[in-house]
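Take a look at the structure set out below.
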Amino acid sequence: TMSLIMPSMMTFALVPPHSGYHMKGRRAGFEGWYKRLTLPEYGESFGFIYSIFDPADEKSSRHGCEAQVVGPDEGYVWRTGSAAKRFWADEHDFRLGHVFDGVAFSRPTPFNAFERFAREGFQLTGHSHQGIIGDARWCYNVRPLMGWGGGASARQFSTAGWLAALPVFEPHYQVLMAHGLASGFVEWQGSRFDFVDAPAYAEKNWGGSFPKQWWWLQCNSFDGQDVLSVTSAGGARGNPLLPGRTEDVALVAVHTAAGEFFPFPDVE
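Structure, rendered in structure tokens:
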């Protein structure tokens, strides 16, 4: 029996720039979303990765939408499907979904309706996350506490600052939720994980290319710290204005329980 009834239809109060979908109508390019759920009481975590490639070019060998889930004991499930017919995303807000098997939806759907009509698929917003792939099933609400720029009333920023507005500096990277609290359940390989106020994190990237080399780390679950989020990433990316040349870029940022935001380099 579903313990949750309805995904929140409220707009994400902490809406960083670039929360919406960027690939509509683009023949070439990708967009990917990463959602992590940490369950300290179980000593486990789950990673959810969704991606879309060349959405407007169905003849491309890369064309498609993919969902991946990584769980305990290095468990892994994934599904792929068309990026043209069953994938939907909001161009102005953090909302997206895809039904691989079952009735296709085009907007956030009540949890019980999705459970009934979608045999495999997912739906994701700033306040809710639900899906089923194989024997993996998840459904939870999220209370966002920090986007990228401090607490609930703080200004939100592009992770890369104003440079994110220029399409030549690809791929782009945006932290959507540096810290939030999730409540619901995950069923995984015959086990069920119920949780209340578990640390949650979300980010995305998009563009026409991916770094030749990159590294990334993120943690928002620390012993003795109810609210603390540390993010760091870097890579060697190409610049289409200088073919054959790469540039090294990196960042580190800290969000604290007091609503403080310390980004290096400064994005304000």
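Residue numbers (this note's numbering): 844 to 1111. Cβ coordinates follow ideal geometry from the N, Cα and C atoms, glycine included.
Bounding residues of the alpha helix (DSSP H) (the contiguous stretch that carries residue i)
i, result
"A956", "954-960"
CB-CB length for residue i against residue j, believed under 8 angstroms
i, j, result
"R922", "A910", "5 angstroms"
"V912", "F930", "That pair is no contact at about 17 angstroms."
"D797", "G1102", "This structure gives no information on residue 797, because the portion of the chain shown stretches from 844 to 1111."
"G1050", "H1015", "5 angstroms"
Counted within 10 angstroms of its Cβ, other Cβ atoms place residue i as buried (16 or more) or exposed
i, result
"P850", "Residue confidence is low: P850 scores 45 on pLDDT, short of 50, so the model does not pin down where it sits. Its coordinate-derived value is still stated next. Answer is buried; the Cβ neighbour count reaches 16."
"W981", "buried"
"V1039", "exposed"
"P1042", "buried"
"Q1068", "exposed"
"R879", "buried"
"G918", "exposed"
"F1107", "exposed"
"W876", "buried"
"L1085", "exposed"
"P1036", "The identity of residue 1036 in the sequence shown is Phe, whereas the question assumes Pro. F1036 comes out buried."
"K928", "exposed"
"F1000", "buried"
Run of the beta strand (DSSP E) containing residue i, from where it starts to where it stops
i, result
"Y1044", "1034-1050"
"F1107", "1104-1107"
"V942", "938-945"
"L1085", "Element bounds for L1085: n/a, residue is neither H nor E."
"G974", "971-976"
"W991", "Taken as a continuous stretch (DSSP letters only), W991 belongs to no beta strand (DSSP E), as it is neither H nor E."
"Q1061", "1056-1062"
Paired residues, beta bridge with residue i - DSSP
i, result
"L1071", "T1099"
"T923", "E909"
"K878", "F891, A1045"
"S1114", "Absent from the model: residue 1114. The displayed extent of the chain is 844 to 1111, so no value can be given."
"M866", "Paired residues: none, contrary to the question."
"W931", "G940"
Would you call the segment 891-905 and the segment 856-874 in contact, with 3 or more CB pairs under 8 angstroms? yes
(Q) With three or more beta-carbon pairs closer than 8 angstroms as the criterion, would you say the segment 1026-1039 touches the segment 876-889? (A) yes
Is the segment 1073-1081 touching the segment 962-976 in the sense that three or more CB pairs, one from each, lie closer than 8 angstroms? no
- Query: Do the segment 1064-1078 and the segment 1091-1107 make contact, defined as three or more Cβ pairs closer than 8 angstroms?
  - Reply: yes
>> Pairs of beta-carbons, one from the segment 985-999 and one from the segment 948-955, closer than 8 angstroms: are there three or more?
In response: no
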